[in-house]
Amino acid sequence: MKKLIIALAATAATLGGFSGGAQAADKTKVCFVYVGTRTDGGWTQAQDLGRQQVDKTFGDKVETPYLESVPEGPDAERAIERMARSGCALIFTTSFGFMDATVKVAEKFPKVKFEHATGFKSGPNLATYNSRFYEGRYILGQIAAKMSKKGVAGYIASFPIPEVVMGINAFELGAKSVNPNFKLKVVWANTWFDPGKEADAAKALIDQGVDILTQHTDTTAPMQVAAERGIYAFGQASDMIAAGPKTQLTAIVDTWGNYYVKRTKALLDGTWKSEQIWDGLKDGILTMAPYTNMPDDVKAMAEETEAKIKSGELHPFTGPINKQDGTPWLKKGEKADDGTLLGMNFYVEGVDDKLPK
Amino acid sequence: MRIELERRGSASPLFSVISPILSLLLTLVFGAILFWLLGKGPLSALYSFFIDPLTEVWSLHELAIKAGPLILIAVGLSVAYRSNNWNIGAEGQFTLGAITGSILPVLVPSWHSPLVLPLMMVMGMLGGALFAAIPALLKTRFNTNEILTSLMLVYIAQLFLDWLVRGPWRDPKGFNFPRSLDFSSDAVLPPLLDSGRAHASIIFALLAAVLIWFMMRYMLKGFEVTVLGRSERAGRFAGFSSRRMVWFSLMLSGALAGLAGISEVSGSIGHLQPSISPGYGFTAIIVAFLGRLNPLGIIASGFVLALTYLGGEAAQLSIGISDKVTRVFQGLILFFVLSCDTLILYRVRIIFGAGKTLAEGKH
Chain A
78 MKKLIIALAA
88 TAATLGGFSG
98 GAQAADKTKV
108 CFVYVGTRTD
118 GGWTQAQDLG
128 RQQVDKTFGD
138 KVETPYLESV
148 PEGPDAERAI
158 ERMARSGCAL
168 IFTTSFGFMD
178 ATVKVAEKFP
188 KVKFEHATGF
198 KSGPNLATYN
208 SRFYEGRYIL
218 GQIAAKMSKK
228 GVAGYIASFP
238 IPEVVMGINA
248 FELGAKSVNP
258 NFKLKVVWAN
268 TWFDPGKEAD
278 AAKALIDQGV
288 DILTQHTDTT
298 APMQVAAERG
308 IYAFGQASDM
318 IAAGPKTQLT
328 AIVDTWGNYY
338 VKRTKALLDG
348 TWKSEQIWDG
358 LKDGILTMAP
368 YTNMPDDVKA
378 MAEETEAKIK
388 SGELHPFTGP
398 INKQDGTPWL
408 KKGEKADDGT
418 LLGMNFYVEG
428 VDDKLPK
Chain B
10 MRIELERRGS
20 ASPLFSVISP
30 ILSLLLTLVF
40 GAILFWLLGK
50 GPLSALYSFF
60 IDPLTEVWSL
70 HELAIKAGPL
80 ILIAVGLSVA
90 YRSNNWNIGA
100 EGQFTLGAIT
110 GSILPVLVPS
120 WHSPLVLPLM
130 MVMGMLGGAL
140 FAAIPALLKT
150 RFNTNEILTS
160 LMLVYIAQLF
170 LDWLVRGPWR
180 DPKGFNFPRS
190 LDFSSDAVLP
200 PLLDSGRAHA
210 SIIFALLAAV
220 LIWFMMRYML
230 KGFEVTVLGR
240 SERAGRFAGF
250 SSRRMVWFSL
260 MLSGALAGLA
270 GISEVSGSIG
280 HLQPSISPGY
290 GFTAIIVAFL
300 GRLNPLGIIA
310 SGFVLALTYL
320 GGEAAQLSIG
330 ISDKVTRVFQ
340 GLILFFVLSC
350 DTLILYRVRI
360 IFGAGKTLAE
370 GKH
């Protein structure tokens with residue numbers, strides 16, 4: 078007992094020496110709010126790599142604090158407000174569900190700059206940025222149609238918002254460009270981040286007979302299930318090859334870093350403006366992970382499609398396209414405009430699911 | 010050398026006083042060691058955890074927002090637990106109260122009247138109480154275990170809310186996102202002061218705590234709760250009905266959880282969405298026990314737990330420790346409080362040498 082007390086006293090005595098940690102006041106703070114943990118292997122990890130790129134690029138000039146695992150709802154508003162009050166000059170809120178909270182805090186702090194990922198509400202000090210994920214998903218669809226023996230893929234979806242519906246449609250359109258009879262089954266996990274639910278969804282899809290998996294959720298759980306069951310899968314948001322070295326065909330990788338660096342530079346130069354950015358493969362905000370575990374001809378096809386999308390020669394949403402019920406949507410050669418894509422709430426023909434209404 | 014716990018003849022008045030202080034000190038010391046091992050300055054970490062959130066007015070508002078539902082629910086639970094009815098499903102009653110309380114703003118958004126808010130609060134309490142009546146019915150009628158039934162009803166309530174906001178109650182203009190339409194200003198609990206977001210939920214909580222404290226201390230009902238909780242047989246001899254107590258305690262705790270639910274939705278969120286609580290109903294169980302099932306103690310413990318949430322966030326931002334540390338820290342507090350409470354009923358004896366005591370002989 079005595080020894081314990083002495084040990085405690087000694088610890089208490091040394092505490093003073095370790096406290097402190099003065100902060101440099103002249104650094105510009107560029108802050109990030111994450112919905113998941115920054116090691117989720119998916120969405121948030123990709124965001125955090127972007128943050129680290131900002132950190133490396135600007136070195137001593139910029140500081141990049143972040144908050145992780147912030148729930149969407151009232152806690153998000155507090156978290157964002159805390160950042161605004163702690164001296165952040167630019168705050169990236171990196172999940173769709175942070176939209177209303179970001180809008181509220183942005184109105185309260187007109188001098189702080191805000192950027193919200195994938196949302197549709199903006200303001201004088203609130204920019205939005207998004208990535209044309211559907212371009213990558215179209216390529217995934219093509220690969221799936223080549224690699225699937227059964228002609229059916231499974232899609233683990235999060236929420237039936239336009240963003241996700243657009244991705245499902247792009248995948249199906251890509252697949253149909255290779256195999257017109259290709260079918261796509263969808264399971265709604267109703268979460269962005271929940272390894273357990275995502276794994277369950279993956280198992281349910283495989284039990285329904287799909288032999289390729291793709292996902293619009295944040296963790297590597299589906300990839301791991303696919304690896305266990307011996308089918309192919311696509312990574313999402315981050316390169317998930319580590320979770321499935323023999324399983325991942327490719328991944329659509331979010332490479333936010335360049336964008337974050339660009340916006341941070343604008344902030345430092347005093348040229349930051351509120352904009353609504355929707356960049357794609359050609360801008361480098363989206364990258365395809367190496368094409369692996371597939372024959373050379375499939376790889377060649379994927380690379381060709383990627384090049385065509387980058388050059389603007391190919392737009393995934395080009396007619397003729399029918400809606401799910403067979404009614405025509407786009408005429409031959411007609412391209413969907415951005416507004417229609419961003420409000421998309423219907424499936425294209427071939428998706429084997431009923432869109433939750 | 011051996012350490013033994015020996016039951017005291019009666020609760021030690023000295024340790025009743027010392028125990029909370031001792032547990033707080035131990036938490037601070039071990040918390041400091043934890044931060045030191047993580048390579049962070051222990052004092053600055055403790056400062057940002059416990060002091061920093063209290064230094065700014067807006068942050069105090071946030072503290073009240075976080076503490077409100079915790080205290081409100083825990084006060085109700087304290088009555089249930091004192092009467093030996095183990096309502097574990099406050100999270101579900103919270104959710105159902107939020108749903109029934111939202112009927113008006115979601116289904117009749119065009120009705121503007123000063124009556125809307127009070128009606129919402131009453132309907133929220135009713136919803137929570139009725140939902141808690143299910144385990145009460147099952148217990149009194151079929152003698153089922155209310156721990157299991159109330160807990161499982163949590164998932165039913167959450168999935169019901171999930172279904173509502175994806176289906177019939179979804180905002181048609183909400184881009185398919187699962188949420189109801191925004192409540193009109195008549196249906197939103199306004200901020201109490203201009204300086205921050207805190208709304209009436211903290212007032213409800215403090216009021217409920219004082220009323221329940223008064224009831225437990227000065228009213229026959231409170232005596233009934235205590236007697237039936239300690240010994241059902243003794244209660245029956247005194248003419249109290251343990252069946253009625255099941256109904257009373259569960260529905261009271263359900264009503265307060267329901268009120269917490271609708272206050273949170275109306276005051277902090279402003280619409281319904283699939284997830285409306287970061288686990289308030291479960292955390293409130295900890296709050297209730299930290300407050301020793303005493304409503305006034307619960308006020309204190311509610312604020313302490315709320316503080317650890319805010320402090321965790323502040324520490325994450327200012328010194329970059331992970332949010333997981335917050336949970337470890339909350340665990341530390343609970344662990345030390347419970348283990349120090351042992352000292353109230355037991356005394357520690359350190360026995361030197363071997364083979365001299367009765368206990369030893371049994372081995």
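Heads up: the sequence lines are chains A and B, in that order. Read in order, the letters of the first sequence are residues 78 to 434 in the working numbering. Read in order, the letters of the second sequence are residues 10 to 372 in the working numbering. Ideal placement from N, C-alpha and C gives every residue a C-beta, glycine not left out.
Can you find the residues in the same chain that come closer than 8 Å, C-beta to C-beta, to P142 (chain A), ignoring five residues on each side of it along the sequence?
K106, C108, F109, M160, S163, C165
Along the region 387-415 of chain A, what residues have a CB closer than 9 Å to any CB found in chain B?
Hits within the stretch: zero.
In this structure, how does DSSP classify F95 (chain A) when only helix, strand and coil are distinguished?
Any answer about F95 (chain A) is weak, because its pLDDT of 38 lies below 50 and its placement is not dependable; what the coordinates show is given next. In this structure, F95 (chain A) counts as helix in the three-state DSSP scheme.
In terms of residue numbering, what span does the alpha helix (DSSP H) encompassing H193 (chain A) cover?
Per DSSP, H193 (chain A) belongs to no alpha helix (DSSP H); it is in the beta strand (DSSP E), 190-194.
Between the Cα of A76 (chain B) and those of B:I353, B:L341, B:F213, spot the shortest distance and give me the residue it belongs to.
B:F213
So which residues of chain A does W172 (chain B) contact, with C-beta pairs closer than 7 Å?
Those within 7 Å of W172 (chain B) in chain A number zero; the least Cβ separation is about 10 Å.
Using 9 Å as the threshold, is the C-beta distance between N93 (chain B) and R245 (chain B) below it?
no
So is A73 (chain B) in contact with chain A if we call contact Cβ pairs under 9 Å?
no
Counting pairs of Cβ atoms below 8 Å between the region 306-319 of chain A and the region 121-132 of chain A, do you hit three or more?
yes
On the DSSP bridge list, what partners appear for C31 (chain A)?
For chain A, the structure presents residues 78 to 434; residue 31 (chain A) sits outside this window and is missing.
Distance, Cα to Cα, F95 (chain A) vs S146 (chain A)?
Note that F95 (chain A) scores 38 on pLDDT, short of 50, meaning its location in the model is unreliable and no value can be drawn from it.
Where does F361 (chain B) land, buried or exposed, given buried means 16+ other C-beta within 10 angstroms?
exposed
The alpha helix (DSSP H) spanning W222 (chain B) covers which residue range?
210-227
Note down the Cα distance separating L215 (chain B) from S272 (chain B), rounded to an integer number of angstroms.
14 Å
Run through chain B and tell me which residues come within less than 9 Å of G244 (chain A), C-beta to C-beta.
None at all; the shortest Cβ gap to chain B is about 13 Å.
Taking DSSP's pairing of strands, which residues face E15 (chain B) in a bridge?
B:R356
Establish whether the CB of S163 (chain A) and some CB of chain C are separated by less than 9 Å.
Of the protein chains in this structure, namely A and B, none is chain C.
So, with DSSP's three-state summary, where would you put S286 (chain B)?
Per DSSP, reduced to three states, the secondary structure at S286 (chain B) is coil, with no helix or strand assignment.
With a threshold of 9 Å between beta-carbons, can E13 (chain B) be considered close to chain A, or not?
Not closer than 9 Å to any Cβ of chain A, the Cβ of E13 (chain B) fails to qualify, so no.
Taking a cut of 7 Å between CB atoms, which residues from the region 91-113 of chain B lie near chain A?
none
Nearest by alpha-carbon distance to A275 (chain B): which of B:F103, B:L139, B:W222, B:M228 is it?
It is worth fixing the name first, because residue 275 (chain B) is Ser in this sequence and not Ala. Selected option, being the one with the closest Cα: B:F103.
Can you find the residues in the same chain that come closer than 7 Å, C-beta to C-beta, to G118 (chain A), ignoring five residues on each side of it along the sequence?
T296, T297, S315, M317, A320
Mind checking A384 (chain A): buried by the 16 CB within 10 Å criterion, or exposed?
exposed
Here's the rule I'm using: 16 or more other beta-carbon atoms within 10 Å means buried, otherwise exposed. How should E390 (chain A) be labelled?
With fewer than 16 other beta carbons inside 10 angstroms of its own, E390 (chain A) counts as exposed.
Quick check on L116 (chain B): does DSSP put it in helix, strand or coil?
helix
Would you say T292 (chain B) reaches chain A, if we count a Cβ-Cβ gap shorter than 9 Å as a contact?
no
Give the straight-line distance between the Cα atoms of L69 (chain B) and L63 (chain B), rounded to the nearest whole angstrom.
6 Å
Compare the C-beta of R159 (chain A) against all C-beta atoms of chain B and say whether one is closer than 9 Å.
yes
So if I threshold CB-CB distances at 7 Å, which residues from the region 332-346 of chain B count as touching chain A?
D332
Helix, strand or coil, according to DSSP, for E140 (chain A) in the structure here?
strand
Measuring only the C-alpha atoms, how far is A366 (chain A) from F270 (chain A)?
Distance between the alpha carbons of A366 (chain A) and F270 (chain A): 21 Å.
If the cut is a Cβ gap below 7 Å, which residues of chain A does F186 (chain B) touch?
Listed along the chain, the chain A residues whose CB falls inside 7 Å of the CB of F186 (chain B) are F236, I238.
Leaving aside the five residues before and after I82 (chain A) along the sequence, list all residues of the same chain whose C-beta is less than 8 Å from its C-beta, in chain order.
Note that I82 (chain A) scores 47 on pLDDT, short of 50, meaning its location in the model is unreliable and no value can be drawn from it.
Please list, in chain order, all residues of the same chain as A269 (chain B) whose beta carbon is under 6 Å from its beta carbon, the five residues on each side excluded.
P78, L81, I82, F103
Less than 8 Å between the CB atoms is what I'm expecting for T437 (chain A) and T268 (chain A), so what's the real figure, rounded?
The displayed coordinates of chain A run from 78 to 434. Any statement about residue 437 (chain A) would go beyond what the structure contains.
Considering only DSSP beta bridges, list what P62 (chain B) is partnered with.
For P62 (chain B), which the question treats as bridged, DSSP gives no partner whatsoever.
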